[in-house]
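Participant: Here it is, the structure in full.
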Amino acid sequence: MANGIQLAQENVERFELWIASQTDSDFKQIVYRGRLNRAEVAKGAGFAKSVLRQNPRIKHLLEELELNLRKRAVLPESIETKNQSKAYDQTENKSIREKQRLTSLEQEMIALKAENTLLRRKLSRFEELSSVLADLGRLPS
1 MANGIQLAQE
11 NVERFELWIA
21 SQTDSDFKQI
31 VYRGRLNRAE
41 VAKGAGFAKS
51 VLRQNPRIKH
61 LLEELELNLR
71 KRAVLPESIE
81 TKNQSKAYDQ
91 TENKSIREKQ
101 RLTSLEQEMI
111 ALKAENTLLR
121 RKLSRFEELS
131 SVLADLGRLP
141 S
């Protein structure tokens, strides 16, 4: 049984043999999202798809192959993707929360002003009633 190093070397040889046996039209048939379909490459070379990621020599050979195919216009030009996620902007979230809080406080203030007006009206009625009772000489004890 072969050890890991021998198996890795056998996979490299299989991959190189597979590359040599393919034509540009063969490569065009297995393009997926602007690069070679990894599952099809692994199947054609006769090893598991994980070998493409785990064997550094094969990984390097695949990158070189794709670069060469891009130069020959078999593969489309690569589009740089952002590896950095967008930084979280706390000021935007804070601004939204402050606006919500402001709206809530304004509504509470309107309700309290209405209640205050109602209570002032009631107070003025009771003050009138109290002054009438005082004029009649009947003050509540």
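Oh and the sequence shown: position 132 is 132 in my numbering, straight run, nothing missing.
The beta-carbon is built from N, C-alpha and C at its ideal position, and this holds for glycine as well.
Quick caveat, the model's predicted, so the values are computed rather than measured.
Compute the beta-carbon to beta-carbon distance between Leu75 and Arg33, rounded to the nearest angstrom, for a pair I have assumed lies under 8 Å.
Facilitator: Here residue 75 refers to the residue found at position 75 of the sequence shown. Here residue 33 refers to the residue found at position 33 of the sequence shown. Wrong, their Cβ atoms sit about 10 Å apart, outside the cutoff.
Participant: According to the Cβ coordinates, are Leu62 and Phe27 closer than 8 Å?
Facilitator: Numbered from its first residue, the sequence shown carries residue 62 at position 62. Numbered from its first residue, the sequence shown carries residue 27 at position 27. Against a cut-off of 8 Å, the Cβ pair of Phe27 and Leu62 comes out as no contact.
Participant: In whole angstroms, what is the alpha-carbon distance linking Gly46 and Ser21?
Facilitator: Stepping through the sequence shown from its first residue, residue 46 is reached at position 46. Stepping through the sequence shown from its first residue, residue 21 is reached at position 21. Cα-Cα distance, rounded: 13 Å.
Participant: In angstroms, rounded to a whole number, what distance separates the CA positions of Gly44 and Trp18?
Facilitator: As a first step, residue 44 is located in the sequence shown; it is residue number 44 there, counting from the start. As a first step, residue 18 is located in the sequence shown; it is residue number 18 there, counting from the start. Looking at the two C-alpha atoms, the distance is approximately 7 Å.
Participant: Extract the residue ranges of the alpha helix (DSSP H) inside the stretch 33-89, only unbroken runs of 4 or more that lie entirely within it.
Facilitator: Qualifying alpha helix (DSSP H) stretches, in chain order: 38-45, 49-54 and 56-71.
Participant: Using C-beta distances below 6 Å, list every residue in its chain close to Leu118, excluding the 5 sequence neighbours before and after it, in chain order.
Facilitator: Here residue 118 is taken as the residue at index 118 of the sequence shown, counted from 1. Cβ neighbours of Leu118 beyond the five flanking positions: none.
Participant: Can you tell me the Cβ-Cβ gap for Ala8 and Asn55, rounded? I've got them flagged as a contact below 8 Å.
Facilitator: Position 8 of the sequence shown, counting from 1, holds the residue named residue 8. Position 55 of the sequence shown, counting from 1, holds the residue named residue 55. 5 Å between Cβ atoms; contact.
Participant: So, does the CB of Ala42 fall closer than 8 Å to a CB anywhere in chain D?
Facilitator: Going by chain labels, chain D is absent from the structure shown, which holds only one protein chain.
Participant: Would you check if the distance between the CB atom of Val31 and the CB atom of Ala42 is smaller than 8 Å?
Facilitator: Working through the sequence shown from its first residue, we reach residue 31 at position 31. Working through the sequence shown from its first residue, we reach residue 42 at position 42. Result no, Cβ atoms of Val31 and Ala42 do not sit closer than 8 Å.
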